[in-house]
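Below is one structure, written out as structure tokens, with a few remarks after it.
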């Protein structure tokens, strides 16, 4: 079975990637997606086989906020070379960054509503580098945290009584 990420890289060499693609968002806003994002997006690379993006704009059922956040986040990786996804979750070494790294701070500072729209955009465009970095960021933020620390980090309410929490932990052997 072939690696799906390698097919995206191979296609980017075969297909002429435009400098930009214009997308019309569900809220009517027109955004420009640059070539470095196009190359990393499985969806956009596959779409290049069927559409002429030099003259057409793509209509999307996504809000501009999420796409703008995705574009801003992608800028942190603009000068990185081709991406090879890790084989498993323990192979995230190259994606690990210090908490003060600008990409880490960017993710940390997103509000829950912004995060929802951002995740929708990432899921739609299928950009493995950004999805993997985000997953690694979550893993790094979970490391060494107890329940109270996680609730504080992710603004989760503590709406369980001590006996309810004990029962849940017992049931799930946590």
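Numbering (full-length UniProt numbering), first residue to last: 1 to 174. Even glycine gets a Cβ: it sits at the ideal position worked out from N, Cα and C.
Report the residue from the options whose alpha carbon sits nearest the alpha carbon of residue i.
{"i": "residue 46", "options": "74, 19, 15", "result": "15"}
{"i": "residue 21", "options": "30, 48, 53, 39", "result": "53"}
{"i": "residue 129", "options": "156, 51, 166, 77", "result": "77"}
{"i": "residue 37", "options": "97, 163, 68", "result": "68"}
{"i": "residue 90", "options": "113, 63, 143, 48", "result": "143"}
{"i": "residue 156", "options": "148, 170, 135", "result": "148"}
{"i": "residue 85", "options": "126, 145, 161", "result": "126"}
Measure the CB-CB distance between residue i and residue j and report whether it falls below 8 Å.
{"i": "residue 141", "j": "residue 152", "result": "no"}
{"i": "residue 124", "j": "residue 43", "result": "yes"}
{"i": "residue 95", "j": "residue 132", "result": "yes"}
{"i": "residue 66", "j": "residue 120", "result": "yes"}
{"i": "residue 118", "j": "residue 110", "result": "yes"}
{"i": "residue 158", "j": "residue 104", "result": "no"}
{"i": "residue 115", "j": "residue 70", "result": "no"}
With a threshold of 16 other CB atoms inside 10 Å of the CB of residue i, please say whether the residue is buried or exposed.
{"i": "residue 41", "result": "buried"}
{"i": "residue 39", "result": "buried"}
{"i": "residue 102", "result": "exposed"}
{"i": "residue 2", "result": "In this prediction, residue 2 has a pLDDT of 40, which is less than 50 and means its spatial position is unreliable; what the coordinates show is noted afterwards. Burial call: exposed."}
{"i": "residue 4", "result": "Residue placement at residue 4 is flagged as unreliable, the pLDDT there being 48, under the threshold of 50; the coordinate-derived value follows with that caveat. So residue 4 counts as exposed."}
{"i": "residue 30", "result": "exposed"}
{"i": "residue 74", "result": "buried"}
{"i": "residue 168", "result": "exposed"}
{"i": "residue 64", "result": "buried"}
{"i": "residue 50", "result": "exposed"}
{"i": "residue 83", "result": "buried"}
{"i": "residue 150", "result": "exposed"}
{"i": "residue 163", "result": "exposed"}
Do we get a CB-CB distance below 8 Å when we pair residue i with the residues of chain D?
{"i": "residue 78", "result": "Within the model displayed, chain D is absent; a lone protein chain is all it includes."}
Are the stretch 26–33 and the stretch 43–61 touching, with three or more C-beta to C-beta distances below 8 Å?
Using a C-beta cut-off of 8 Å, the stretch 26–33 makes contact with the stretch 43–61, since at least three inter-stretch Cβ pairs fall below that distance.
Restricting to runs no shorter than 4 residues, where is the alpha helix (DSSP H) found entirely within the stretch 35–112?
35–40, 42–47, 64–74, 102–109
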